Amino acid sequence: MSQGAQFADGVGAEDPRNAAVVLESRGLKKTYGSGEKIISVLTDANLLLRQGEMVAIVAPSGAGKSTLLHLLAALDTPTSGTVYFATKAIESIHDAALAEFRNRAIGFLWQRHQLLPDFTAAENVAMPLLVRGNDFTTALETARKWLAEVGLENRADHRTGELSGGEQQRVAIARALVTGPSVLLADEPTGDLDEQNAWAVFELLQRLHRTHKLTSLIATHNLALAARCDRILALEHGVLQTREAAASAGGVPGGEAS
Ligand SMILES: Nc1ncnc2c1ncn2[C@@H]1O[C@H](COP(=O)(O)OP(=O)(O)OP(=O)(O)O)[C@@H](O)[C@H]1O
Ligand SMILES: [Mg+2]
């Protein structure tokens, strides 16, 4: 055991099981539509993400992965239940602060990357900084640094519509992280890529996760990639279940199984 403080459960302070809770959901429920057309997607989704974890969510198409990630990023509101960011209920954050929260606290990697094809890679990456109020020159400078970090410095001035799928996903990753968020939510980041590019993008995410001390939640169909995460959650019938033990060290037991 390390020099760290001993907790009641016999676990040291540096143990990942004692890391701060960064993102949490309790009793999340989401239904779409009404009457006979009502679709119940999430029924009781409970999630607890600790600082530094990289967690995969696996589920078949239509199970509600995107729905869940949108709720966690406050891009949509739950039918009932609560999302907590660093123990604060997101619903208690006022509108203006919520925009700030979306811009700064969470990096969101969309299922379809939603880059603007007629703008350059650097302009696309700079966009969240411009929304934040940074001046154009500073925003572009920061964007270029991020493009270098994802290995695309030589593509910074190319329109994203001219880039390959893998390159576009790298641009999207740079754009998701350019504001320096503490949490990365990635919605099938490798879904549209061939196997080789999928691994390259996943390894990039792993590296960025480590070097920027992120807490990452990745929705994926790819079980081989999911197995490289600290732990795997399966979204089944609207609830999250711990799927299997972590392949790597540092996994924490899922508090989510219900
Ligand atoms: N805005 C909406 N209005 C009505 N139904 C919706 C809406 N958004 C999602 N749904 C439905 O909710 C269910 C879950 O959708 P979601 O996109 O979250 O699934 P997913 O797990 O991300 O699927 P995929 O792997 O195909 O991306 C689907 O049945 C979908 O049709
Ligand atoms: Mg989806």
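Residue numbers (my numbering): 1028 to 1285. Using N, Cα and C, we set each Cβ at its ideal position, and we do this for glycine too. On a predicted model such as this, the values are computed, not experimentally measured, just so you know.
Residues around ligand 1, please: the condition is that the C-beta lies closer than 5 Å to some non-hydrogen atom of it. 1059, 1068, 1088, 1089, 1090, 1091, 1092, 1093 and 1094
Which residues DSSP lists as bridging residue 1172, in chain order: None, per the DSSP bridge assignment.
Backbone CA spacing between residue 1059 and residue 1215 [nearest angstrom]: 22 Å
By how many angstroms is the C-alpha of residue 1164 removed from the C-alpha of residue 1262? 43 Å
In three-state terms, what does DSSP make of residue 1153? helix
Is it buried or exposed, residue 1250, if we count other Cβ atoms within 10 angstroms and call 16 or more buried? exposed
Helix, strand or coil at residue 1255 [DSSP, three-state]: coil
Given a threshold of 16 other Cβ atoms within 10 Å of its Cβ, counted over all protein chains shown, does residue 1178 qualify as buried or as exposed? exposed
Helix, strand or coil: how does DSSP classify residue 1061 here? coil
Contiguous alpha helix (DSSP H) assignments of at least 4 residues, all confined to the region 1156-1242: 1163-1176, 1192-1204 and 1222-1238
Nearest candidate by alpha-carbon position, reference residue 1289, set 1130, 1254 and 1126: As shown, the chain starts at 1028 and ends at 1285. That puts residue 1289 outside it, with no answer to give.
Would you list the one or two residues that DSSP bridges to residue 1119? Residue 1119 pairs with nothing; no bridge assigned.
Please classify residue 1139: does DSSP put it in a helix, a strand, or coil? coil
Quick check on the burial criterion: 16 or more other C-beta atoms within 10 angstroms. Buried or exposed for residue 1222? exposed
Grouping DSSP H, G and I as helix and E and B as strand, with all else coil, what is residue 1050? strand
Assigned secondary structure, residue 1088 (DSSP; H/G/I helix, E/B strand, else coil): coil
Between the region 1167-1175 and the region 1145-1154, do three or more beta carbon pairs fall short of 8 Å? yes
For the putative contact between residue 1202 and residue 1194, defined by C-beta atoms under 8 Å, what is the C-beta separation to the nearest angstrom? That belief does not hold up - the Cβ atoms of residue 1202 and residue 1194 are roughly 13 Å apart, past 8 Å.
Can you check whether the CB of residue 1070 is closer than 9 Å to the CB of residue 990? Nothing can be reported for residue 990: it is not among the residues displayed for the chain, which extend from 1028 to 1285.
Roughly how many angstroms lie between the CA atoms of residue 1217 and residue 1247, to the nearest whole one? 8 Å
Proximity test, residue 1214 beta-carbon vs ligand 2 heavy atom, cut-off 8 Å: yes
Assess contact between the region 1050-1064 and the region 1097-1104, defined as three or more Cβ pairs (one per stretch) separated by less than 8 Å. Is contact present? yes
When the Cα atoms are used, what is the spatial distance from residue 1189 to residue 1146? 10 Å
Specify the secondary structure class of residue 1263 as computed by DSSP and reduced to three states. strand
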